[in-house]
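A short worksheet on the structure shown next.
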Amino acid sequence: MTLVLFAAAMTVTVTAGAIYSTEVFAQGGGVVRDIKVVGNRRIEPETVKSYLTFTAGQRYDAYKADESLRALFATGLFQDVRITPQGSSVVIAVVENPLINRVAFEGNTEVKSDTLSAEVQLKARTMYTRAKVQADVQRVLDVYRRQGYYATQVDAQIIELDNNRIDLVFEIREGPETKVVGINFIGNQSFSDTELRGVITTTESSFLDFLKPTSVYDPDRFNLDRELLRRYYLKNGYADMRVMSAVADVDQEGKGFFLTFTIDEGPQYFFGGVDVESTLPAFAAETVRGNLLTKPGDVYNAELVDRTAERLTVSVAEQGFAFGQVRPRIDRDPVNRTISVTYVVEQGPRLYIERINVVGNYRTEDYVIRREFRVAEGDAYNKIMVDQARLRLLALGFFKDVKVNREPGSAPDRVVLSVVVEEQSTGELSFAAGYSSAEGLLGEVSYTERNLLGTGQYLQVKVTGSQVSGGAEVSWTEPRFLDRNLSFGLDAFARNSDYTSSSYTDAGYADLKIGGSVRFGFALIDSLWLNTNYTLMSDEVYDVADGSSLAVKQIEGTSVISSVGYSLIYDTRNNRKNPSRGFYFSFAQDVAGVGGDVNYIRSIAEGRGYYPITKQITLVGRAIGGNISGWDDQNVRIVDSFFKGGETVRGFATAGIGPRDIYTDDPVGGKNFWAATAEVRFPLPFIPDDLGFGGAVFADAGSVWGSDANKFANAYCASHTCAAGTNAGTYDSNDIRASVGASILWNSPVGPLRADFAYALAKASYDETQVFRFGAATKF
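Heads up: the sequence shown is residues 1 to 780, going by the UniProt record's numbering.
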């Protein structure tokens, strides 16, 4: 009994001594004799020890133990870590994070799994951590929100496997798209809400959402809209304008956003004095004053100031001052609400281009990119000219983004330009179908490649068809022929028009044209282009009905037309697709008879003017006229004559005005024509501008006259027996035809369409009228 009590007492004494010894070791900084790692399964002990801030042989320090604990947790390798002193040893007990075997997404239909996989940071064969899972859940939500699905919910589920492995599954409940249900503006006095909605890219949700996706809320687009508003006001003279706030609020049901822009417009400024000063020796400011785009008294336009500075910089460089730069100096007068601008020509830094590197063009050839630069390796560096080259590259349509980075060269006065491009698809396969009151059902299939084989060449193959006509065309263009600012193109075409039984005309014949052409074109000066062409064509008139005009019967058969021509085009429109300001003029002539069977000279002149009555209402005027005359004792065939009406003078059928065979009542065309239009275009109320709808009211006038059909009919009767009355001649008068009407315009996804309602005010008794017309819009 005494022995047992003694043994128990010894055990308690030893245990208590061990505990006391460990506490003294931990608190008193005893020397660590050994470090043991337990609980590790995949991670080597030495890997764990490498994160510790103490080693064996050093004194134990509680502060260093805490640092080691934080370092081990920071690796993301462990769920739990404990550091425990045991005697003169330290035990590191770890619980490893599981290894991810597979990452999967369930419930996603609007966003592909590949897109989500690229976005999350957790992948197969990486360590699972709660922090990374939470971050990846947010990343998935962000992807959905960028695509407008703000009601999406995401949960991360773990499926445990053997050997401390897991499958990570993101369960997604997508919900409906979150639309923008309202866009409001506060503080706008000078521009209406409707006009400002036309400036921004985001649109309100409507029944036409299927046409455009911009009614889905996108925070990046929302931020862009804020900047677009600022630029719009600066462009219209409001130099003090500020967007005080831009707020996106979700409605109570979480199904839609209300966007509110609060604006402080400030006063509208006008240009005061506009001048050019030079600090460059031997440079006269007067030599570039003709390049000024800003004029005293005009509404201040910050965009125009920047464009003028760029234009002057290029002009200075072209005069031999390679290092010259232009800096606009702005002097604001708040009292008189004027801003005076002085363009200061000064010496820029003396830098030379050592090398131009092109990166990212996996498809486009280097030379296609380099030729857009007006500077080359060894030339003086000019920032404006480099920036203009970047804009020209973007304008090609080959690249999604272009960056030109300036990097140090091999010497202080040398720079290296790194042109980084992000290519995009340049091919387009399109299908279109429609209906025209002139030709019935229409169809078109075309393939367009704007960057053929990466050479910058243009290729289009198009097949068209309707109830009246059909054809195929191939067009190829080299925009920089022989590496010069000279375009070169080849065309081949086949067009067949069957007028034997159509609403277009009952002329009772068909016409097949097969041929090709060669084109050259170049810019003479800014906004003025010269194009030249040669065309060789076979023209067959066939299937001529017994009741057709004698003038048609006379030209039945195949003729060869060989012609040369040119056109001059002057264009200052602010937007070629939908202009609201500027002028367009063209003059074209073709001379047939350079070989071939047909001789004529054809001339056509056209002018268009665009004047903004208000910010959204545009007055458009157009005048067009033409003449075709035979030469070398030849008359002008019907198939070469002018047929007008329909698109040219609305309110009349296609080929509804002009000379007409008295016996058959068929249109026979004229050698002369003119037409004029005055049209006011405006947005349609209650329809968002971005949908492309618009309205117009118009007045048209014109005439076609001077047919040679009688001469062909007489020639036919001279060699054939003509029934009585069949050679009765033609109705032919140069009397003015006129009409008024209204139109609905639509820039649809398949191209511009329009519906015209017109009433003929003045017409000849033999003309054919047409109140309603629908079809592809003729842009003018």
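Each residue gets a CB set at the ideal place from its N, CA and C atoms; glycine is no exception.
- Judged by DSSP secondary structure, Thr-338 falls within the beta strand (DSSP E) whose first and last residues are 338–347.
- In this structure Val-140 is in contact with Val-120, their Cβ atoms being roughly 7 Å apart against a cut-off of 8 Å.
- Burial of Val-94 is indicated by the presence of at least 16 other C-beta atoms within 10 angstroms of its C-beta.
- If you draw a straight line from the Cα of Val-468 to the Cα of Gly-645, it comes to about 17 Å.
- In the DSSP assignment, Asn-451 falls within the unbroken beta strand (DSSP E) covering 440–452.
- Straight through space, the alpha carbons of Arg-480 and Gln-554 are spaced by roughly 45 Å.
- Annotated three-state conformation of Lys-513 is strand, per DSSP.
- The region 722–738 makes contact with the region 647–667: 3 or more CB pairs, one atom from each, lie closer than 8 Å.
- The secondary-structure analysis by DSSP pairs Val-740 across a beta bridge with Ala-699, Tyr-759.
- Here DSSP, grouped into helix, strand and coil, assigns Ala-623 to strand.
- When rounded, the separation of the alpha-carbon atoms in Ala-239 and Gln-268 is 7 Å.
- Contact annotation: Thr-262 and Gly-187 have beta-carbon atoms nearer than 7 Å.
- The Cβ atoms of Ser-580 and Ile-569 lie no closer than 7 Å to each other.
- In the same chain as Ile-624, and ignoring 5 residues on each side of it, the C-beta atoms closer than 6 Å to its own belong to Glu-606, Ala-675, in chain order.
- Rounded to the nearest whole angstrom, the CA to CA distance from Ser-703 to Phe-643 is 10 Å.
- The DSSP-derived three-state label of Pro-683 is strand.
- Ranking Arg-484, Lys-132, Ser-88 by CA distance to the CA of Arg-370 puts Arg-484 first.
- In this structure, the straight-line span from the alpha carbon of Val-316 to that of Ile-613 is close to 36 Å.
- Here Ala-71 has Tyr-51 as same chain residues with Cβ atoms under 6 Å from its own Cβ, once five neighbours each way along the sequence are excluded.
- According to the DSSP assignment, Leu-141 belongs to the alpha helix (DSSP H) that extends over 130–146.
- Between the C-alpha atoms of Ala-472 and Lys-132 there is a straight-line separation of about 58 Å.
- Spanning the alpha carbons of Ile-35 and Arg-165 requires a straight line of approximately 28 Å.
- Beyond the five residues adjoining it in sequence on each side, Asp-366 comes within less than 7 Å, by CB distance, of Val-358 in the same chain, given in chain order.
- Between the region 244–252 and the region 268–284 there are fewer than three inter-stretch CB-CB distances shorter than 8 Å, so the stretches are not counted as touching.
- Under the DSSP definition of a beta bridge, Asp-546 lacks any partner.
- In this chain, the beta strand (DSSP E) harbouring Asp-571 covers 557–571.
- Restricting attention to Ala-764, Pro-688, Ser-549, Gly-595, the CA atom closest to the CA of Phe-712 is found in Ser-549.
- A distance of 7 Å or more separates the beta carbons of Arg-681 and Ser-739.
- Pro-85 counts as buried, since at least 16 other C-beta atoms from the protein chains shown sit within 10 angstroms of its C-beta.
- A Cβ-Cβ separation of about 12 Å leaves Tyr-600 out of contact with Asp-633 under the 8 Å criterion.
- Taking the CA atoms as reference points, Arg-42 sits about 27 Å from Gly-87.
- The beta-carbon separation of Glu-372 and Val-416, rounded to 18 Å, does not stay under the 8 Å limit for a contact.
- Just so you know, the alpha carbons of Lys-615 and Leu-196 end up roughly 11 Å apart.
- Its Cα nearest to that of Ser-733, the residue Asn-672 stands out among Val-474, Asn-672, Asn-714, Asn-451.
- The DSSP-derived three-state label of Met-537 is strand.
- Only exposed fits Leu-429, as fewer than 16 other CB atoms lie within 10 angstroms of its CB.
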